[in-house]
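Participant: Mind the numbering: the sequence shown is residues 1 to 883 in the UniProt record's numbering, read in order. Even for Gly, the Cβ is constructed at its ideal location relative to N, Cα and C.
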Amino acid sequence: MDIQVENQTIRGKYLQTLVSILNNITKVNITDDDATFSVKQIQSMKIAVGLIVSIGIIPCLEKGVGIDMAKLCPRATKIPQENLTCMQRYERIRFTTIALTDLFHDNILRPTILLYLSAILAALLQLSHAPLIKPNKESGETSNAKDCDQAQFRMTVKRYQDLLGQQKEFYVRLISLLSSCPQYKCFQELMVIHGQQKTPKWLRTCTRNILVSKITQPGGVLSLIIAICGNELDIGTNWRMLDLISKLLATSHGKDADEYYRLVCPQILDLLFSDKINHGSTIVNCCIATLYDCNSSFCHKYIIETVCAPLITTEPFVSRSEKETERCITTLAKCFLVEDAKFKHLPSKLILHVATPLFCLYNKTRQSPCILKKPLQQLLLKILEDETKREKLFSAFLGHHTSAEFGDYLLPEFGPNCGIKIIGLSEDLRYMELADTIYDLVCIAKNLSPSMFTYILSFLSNINQVNETRQRARLNTEDDQVRHLEMQIATCALLQRLADMNTVREAQAKEPQSLLSFIKFLFTKYINTKKRQDEMEENECELLCLSLMLIKTLVEEKVELRVNAFKNFSKFLKQHVKSSLPTQLESLVNEVVKCIETYGRSKRKYHKDLSVNTSASNKFDKAIKDLADSLIPVQANGLITLRKLIEDQDPFTIAHRRIVLDLLQTNLKHEDSYIYLASINGLCALATAYPQEVIKILIPEYIDMPNRITGTEITNETRIKLGEILVKTTRALGEMGVVHKNMLVNGFLCAVRDNESLVRASALSCLGELCKVLNFRLGNLLNEIVYCIAMIVKSDKAPECRRAAVLVATLLCRGLDKDTLNSLDHNLVNLYRSLKHLRDEDNDPVLQLHAQLALEEIDLIVQDVLAKPCKLEKQIFILDRPL
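1. Does the segment 719-738 touch the segment 754-771, meaning 3 or more C-beta pairs lie closer than 8 Å?
2. CA-CA distance, residue 157 and residue 167?
3. With a floor of 4 residues, list each alpha helix (DSSP H) that falls wholly inside the segment 306-345, ordered by position along the chain.
4. Let me know if residue 273 comes out buried or exposed under the rule of 16 or more other beta-carbons within 10 Å of its beta-carbon.
5. Could you check the C-alpha separation between residue 406 and residue 349 for me, to the nearest Å?
6. Which residue comes first and which comes last in the alpha helix (DSSP H) that contains residue 84?
7. I think residue 324 touches residue 347, with their Cβ atoms under 8 Å apart; what is that distance to the nearest whole Å?
8. What does the alpha-carbon distance come out to for the pair residue 751 and residue 335?
9. Can you tell me which residues form a DSSP beta bridge with residue 424?
10. Please determine if the segment 81-91 and the segment 213-233 are in contact, where contact requires at least 3 C-beta pairs separated by less than 8 Å.
11. Check the C-beta distance from residue 781 over to residue 741 and give it rounded, since I have them as a contact under 8 Å.
12. With residue 177 and residue 124 assumed to form a contact (beta carbons below 8 Å), what rounded beta-carbon distance in angstroms separates them?
13. How big is the Cα-Cα spacing for residue 744 and residue 391?
14. Using a 10 Å radius around the Cβ and a threshold of 16 neighbouring Cβ atoms, would you call residue 117 buried or exposed?
15. Apart from the five residues on each side of it in sequence, which residues of its chain come closer than 7 Å, Cβ to Cβ, to residue 602?
16. Taking DSSP as the reference, what is the three-state secondary structure of residue 255?
17. Determine the direct distance from the alpha carbon of residue 503 to that of residue 544, and round the result to whole angstroms.
18. Using 8 Å as the threshold, is the C-beta distance between residue 509 and residue 554 below it?
19. Roughly how many whole angstroms lie between the Cα atoms of residue 59 and residue 127?
20. Would you say residue 121 and residue 190 are within 8 Å of each other, going by their C-beta atoms?
21. Check whether the segment 288-298 and the segment 316-331 touch, using three or more Cβ-Cβ pairs below 8 Å as the test.
22. Cutting at 7 Å between CB atoms, please list the residues of its own chain near residue 173, excluding the five before and the five after it.
23. Which complete beta strand (DSSP E) runs does the segment 37-71 hold, if anything under 3 residues is left out?
24. Are there 16 or more other CB atoms within 10 angstroms of the CB of residue 399, so buried, or fewer, so exposed?
25. Near residue 773, which residues of its chain fall below 8 Å by C-beta distance, leaving aside the five closest residues on each side in sequence?
26. My understanding is that residue 658 touches residue 685, with C-beta atoms under 8 Å, so please give their C-beta distance in whole angstroms.
27. Please say whether residue 441 and residue 380 have beta carbons closer to each other than 8 Å?
28. Can you tell me whether residue 863 is helix, strand or coil according to DSSP?
29. Would you call the segment 348-363 in contact with the segment 401-419, where contact means no fewer than 3 C-beta pairs closer than 8 Å?
30. Helix, strand or coil, according to DSSP, for residue 756 in the structure here?
31. DSSP on residue 155, reduced to helix/strand/coil?
32. Within its chain, find whatever has a CB closer than 8 Å to the CB of residue 45; leave out the 5 residues flanking it on each side and keep chain order.
33. Note down, in chain order, each residue of its chain lying with its Cβ closer than 7 Å to the Cβ of residue 11, except the 5 sequence neighbours on either side.
34. Using the Cα positions of residue 676 and residue 667, report the straight-line distance between them to the nearest angstrom.
35. Using a Cβ-Cβ cut-off of 6 Å (strictly less than) and excluding sequence neighbours within five positions of residue 445, which residues of its own chain qualify?
36. If we call anything under 8 Å between Cβ atoms a contact, is residue 378 one with residue 758?
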């Protein structure tokens, strides 16, 4: 090291002495691993480093480089200024910077040197990037040399080349120091240096380039956020900082914007799953939203397409694992389902191209305990908020019209880890299943049901015209005809379910034009078919009856109607009722016309017996009359009316509940599933009035229901609900519930053998609740229950079934307590071994925890019996002695 200039000043010699002492300390640390320093010695080293920075760096910085840097070293303000030449300042800062960067590698001195990191970085930036005065090749001198203070500086070609070489060396030292320091600390110091108002242009340029390079490196985005906000981000007060971070990351830095976003965007997405920072999802949402506002094309390319990649099909098709699918759905939920900052979120239109794949995944997980079910549901509801695309989405979800705009129909399957994987494209659509799934969605968001109802009316009107056109052109094959028929049946069933919703009725009462137009279309088609001497199709006749029943209900319920529209419709019905309609349909039309014409008229008042509720009597009689009708929709409406009267505790209906019970029991034998379900729901409503009779009726239906499940209206969910109602009914019986224990336990044990895992799990859960309701007075049935539980725990492949079985075992052990040993005999050993095997070998951590809890209950019972503490008692007898 060339220090000849420094040797001419006392301050330079003192600086060299301090550096020499610190170097000796580092050598001691290297040779002696056990070397320790006292607190006073460490404090002395801090003072020494501060003096080195105060003498060797701060006075030698150029104007505008490291402004107010002297505040880091209070001693620097007390040291008198020196009158040094350009080369003296250069040699001093060069010597000091080399010394400090070398000493930084010592573990003892590193924390002290980090305190003055900003001064060292400023020196390295000056030594590696400050512009040099170019030499004059002709004279070998420079003209108008600036910043040379007292001495005239001469730049020769050789010196110029030496300085260039030294700049490269200091640049290497700068990069090495930045890579060795905490990244957030580097960001803080570089931004402080860059942000000064009087900073030279060359310093701004080099610090900006370094900052950009640090951001694009792995972990750079996280370090930048920590540098600005710290580890604790207060969402309530730090919105300005959050907005600053978003703008910094969203703005392209450098010439190659594509390369910048390619490196930064993956880091932003990784923050969603990072445990190194709080409120990661909020920060990511703000960054992505700002990026979308600044440059939507790059946001779509590097954020949306990256996240949605598992849901986008390409050629050749690539299957997606459970982990990929779960990460995709979780990321979408964190990006689009924002709760902390609703004003900083991405528009749902960005994921419209994967709406159909999301619906396919939700269709698969809807009736399962999969953890992805809830976020999938919320994402679909978020997408359906867009009213401009809602009808097209309904069409795609129901399989009516496939559109590349919303993605392809995927074929998901459950994986071994209870997740969901994508194995291919779905070729055969199950229209009834799709209709059930979308019905669940519109039931959650009540504002969707009127839109769905209106869309179905429009679709049924159009599909009839399309079918007629295809039949004339003879373009339909047999498979196409079957597919169109299945689609139409599923849509009609969905229409029937929607018509029973209050939100649909209220919406149709205010805006009835779509419903009235649909009925007019059906009447017009009927007239045309009669002219061609064709017969009206049965399903279209039922649709017409259903629509007319809805009109009648709206008018009878006295809701606010658009009277003019209904009066015009009444005139239309009068004109067409003269046509040769079926007797039942003609009667229904006349009733609708009468209801519309008498709407709003005040009736004459008569004296009546106040003890009789005539309105309830009229509703009850009307329901009985509907049950005698030959049309299935009319019969179903009668059953639904009876159920509502029972739920409303109508006195007249309750007084005739025995008649209602007989009617409902009779209709259980009906072949139509819609009538069957209405009868089941009615019996469930009667359970509190006739618990004993209802249990005797519902238990056989609960056992025999699998024979009726055909994949249409009757689903496994109905059987699950029926089991829960049986338990509630038994609880209502109280002490009398023990009388029916054999029938109830046998019914649930039969359901445990069902093919569907959810039904088996529900039956086990109901069995455990039943044991609690019966106060565990099970008698000989206890051995059968324990044996069944042991077999489920040992052999059932569904984790939810094993969980339910372990839960029942825990309940039995807690309820039976000490009597468990005497009641279970050898079955307790089999159960104990099965639970122990489950705890040690099963892959489900939740199931292992439940098994451990059950084993602890058994261990407590055994310990209580075997290690029962002896009671120290002494009996004292008082003898009666004669006086």
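Facilitator: Once the coordinates are examined:
1. yes
2. 15 Å
3. 322-336
4. exposed
5. 10 Å
6. Where residue 84 is concerned, there is no enclosing alpha helix (DSSP H), given that its DSSP letter is neither H nor E.
7. The pair is not a contact, with the Cβ atoms about 25 Å apart (cut-off 8 Å).
8. 42 Å
9. 411
10. no
11. 7 Å
12. 7 Å
13. 47 Å
14. buried
15. Here the model assigns residue 602 a pLDDT of 47, short of 50, so the residue's position is not dependable and the matter cannot be decided.
16. coil
17. 21 Å
18. yes
19. 14 Å
20. yes
21. no
22. 101, 124
23. none
24. buried
25. 727, 730, 731, 737
26. 15 Å between Cβ atoms; not a contact.
27. yes
28. helix
29. yes
30. coil
31. coil
32. 22, 25, 37, 108, 109, 112
33. 55, 82
34. 7 Å
35. 381
36. no
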